[in-house]
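Count along the sequence shown from 1, add 6, and you get the number used in the working numbering. Using N, Cα and C, we set each Cβ at its ideal position, and we do this for glycine too. If you're wondering where the values come from, they're calculated on a predicted model, not measured in any experiment.
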Amino acid sequence: MALSLDANGSISTRSGRQAFDRQMPGYMDRLYKEAAQANHRVVSTNFLALCLKVCGVMLAIGMLLYLAADFYGDLAVKRGNSAATTPHRITIGRDNLAVPENFIRFSSQRMGGNLERLDLYAHWPDLEGFTQANLDDFESLEDDAPIIFLSLERRGTTEEMSGRVGSIYSHFFAGPPVDAGYGLIRRPFRKDSAYFSEDLFYEAENPYPYATRCIRVTDKVAAPFCMRDIHLGKDLSVTYRFHSSLLPDWMALDRAVRTLVKGFLETN
């Protein structure tokens, strides 16, 4: 008779198991199957927990990389500066431009030709392109470095930002107007609007006012930038971004940006 030692140290016979199984058909098979399933559930649970931990770590790493890329993105672009002043002929829609290389942010756009969008930058207040003399400002890690960023593309709206104050933005204001100084009014946007984290600054008592949207200054916002878009040329939309510390110079800044881009536009 074959003897075996069970899990509790007791001696049992194979024939005894077979006899017991004959009395309760399939019992031993079910017993072994349930034990295997329980073990499988333990393994599956542990594996699932491990997967969740790995996914959590990867998500955290991804978020850190995203924030780092967002914070250092402009720096990475600045490292590809060019001091060359060779003009590049670029066509955006119906507008032709001749832009010196040291104003063009991305090396991939310095080849000229037809582009859907052109990204530029310029030093403030002289609105010059990159030079060795202003290298420190262009490569500065400070949020308020005196650099203006511009994007040129075909118009996607019939009205520039000034024209949208009454027709669009006024429907999303929260609270009364606030005197922001420098001839500007500040209006925060409602929390349930698409602009919930921004304030609109616009020129007081002007039927077609200067207007710019600025990220609301909070303890969580490290770089409160402002953005404004204007229409120039035949079919060109120019969006420029600047640090909110330059708001007191809004009039000179807007005039300088218009003059700069008009200088790039070819009249033919």
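Compare the Cα-Cα distances from residue i to each of the options and report the closest residue.
{"i": "His129", "options": "Phe179, Phe144, Glu122", "result": "Phe144"}
{"i": "Ser209", "options": "Thr224, Arg193, Ser203", "result": "In the sequence as presented, Ser is not what sits at residue 209; that position holds Glu. Checked all of Thr224, Arg193, Ser203; the closest Cα to Glu209 is Arg193."}
{"i": "Arg247", "options": "Leu259, Gly239, Lys240", "result": "Leu259"}
{"i": "Thr91", "options": "Phe136, Asp132, Asn120", "result": "Phe136"}
{"i": "Gly286", "options": "Lys268, Asp150, Glu107, Val267", "result": "Only positions 7 to 274 of the chain appear in this structure, which leaves residue 286 out of reach."}
{"i": "Val267", "options": "Leu133, Ala200, Asn120", "result": "Leu133"}
{"i": "Tyr138", "options": "Ala89, Asp150, Asn212, Leu147", "result": "Looking at the sequence itself, residue 138 is Gln, so the reference to Tyr does not match. The option with the nearest alpha carbon to Gln138 is Ala89."}
{"i": "Leu156", "options": "Val105, Gly162, Tyr127", "result": "Tyr127"}
{"i": "Pro131", "options": "Gly119, Lys226, Val263", "result": "Val263"}
{"i": "Ile191", "options": "Met117, Ser176, Ser199", "result": "Ser176"}
{"i": "Ala180", "options": "Lys197, Phe207, Asp150", "result": "Lys197"}
{"i": "Asn212", "options": "Leu147, Gly169, Met117", "result": "Gly169"}
{"i": "Trp256", "options": "Ala151, Ser114, Val105, Ala186", "result": "Ala186"}
Rounded to the nearest angstrom, how far is the Cβ of residue i from that of residue j, given a contact under 8 Å?
{"i": "Phe112", "j": "Asp125", "result": "6 Å"}
{"i": "Ser250", "j": "Cys220", "result": "5 Å"}
Which same chain residues, not among the five before or five after residue i, have their C-beta less than 7 Å away from its C-beta?
{"i": "Glu159", "result": "Ile98, Glu122, Arg123, Ser243"}
{"i": "Arg28", "result": "Any reading at Arg28 needs caution, since the residue's pLDDT is 39, under 50, leaving its predicted position unreliable; the model's value is listed next. Taken in chain order, the list of residues that qualify is empty."}
{"i": "Asp235", "result": "Glu166, Met167, Ser243, Val244, Thr245"}
{"i": "Gly189", "result": "Glu209, Ala210"}
{"i": "Tyr201", "result": "Phe178, Phe195, Arg219"}
{"i": "Asn120", "result": "Thr97"}
Buried or exposed for residue i, please, with buried defined as at least 16 other CB atoms from any protein chain shown within 10 angstroms of its CB.
{"i": "Ile154", "result": "buried"}
{"i": "Arg261", "result": "exposed"}
{"i": "Thr218", "result": "buried"}
{"i": "Leu141", "result": "exposed"}
{"i": "Leu253", "result": "buried"}
{"i": "Val184", "result": "exposed"}
{"i": "Tyr214", "result": "exposed"}
Going along the chain, which residues of its own chain have a beta-carbon closer than 8 Å to the beta-carbon of residue i, five neighbours each way excluded?
{"i": "Leu73", "result": "Low per-residue confidence applies at Leu73: pLDDT is 40, beneath 50, and the placement is therefore not dependable enough to give any value."}
{"i": "Leu271", "result": "Asp101, Asn102, Leu103, Leu238, Gly239, Leu242"}
{"i": "Arg222", "result": "Pro194, Ser203, Glu204, Asp205, Pro230"}
{"i": "Cys232", "result": "Phe207, Thr218, Arg219, Cys220, Ile221, Arg247, Phe248, His249, Ser250, Leu252, Leu253"}
{"i": "Arg116", "result": "Ser88, His94, Glu107, Ile110"}
So what's residue i in DSSP terms, helix, strand or just coil?
{"i": "Ser250", "result": "helix"}
{"i": "Met257", "result": "helix"}
{"i": "Arg100", "result": "coil"}
{"i": "Met117", "result": "coil"}
{"i": "Pro182", "result": "coil"}
{"i": "Phe144", "result": "helix"}
{"i": "Val171", "result": "helix"}
Shorter than 9 Å from the beta carbon of residue i to some beta carbon of chain C?
{"i": "Arg193", "result": "The displayed structure is made up of one protein chain only, and chain C is not part of it."}
Using a Cβ-Cβ cut-off of 6 Å (strictly less than) and excluding sequence neighbours within five positions of residue i, which residues of its own chain qualify?
{"i": "Ala151", "result": "Asp143"}
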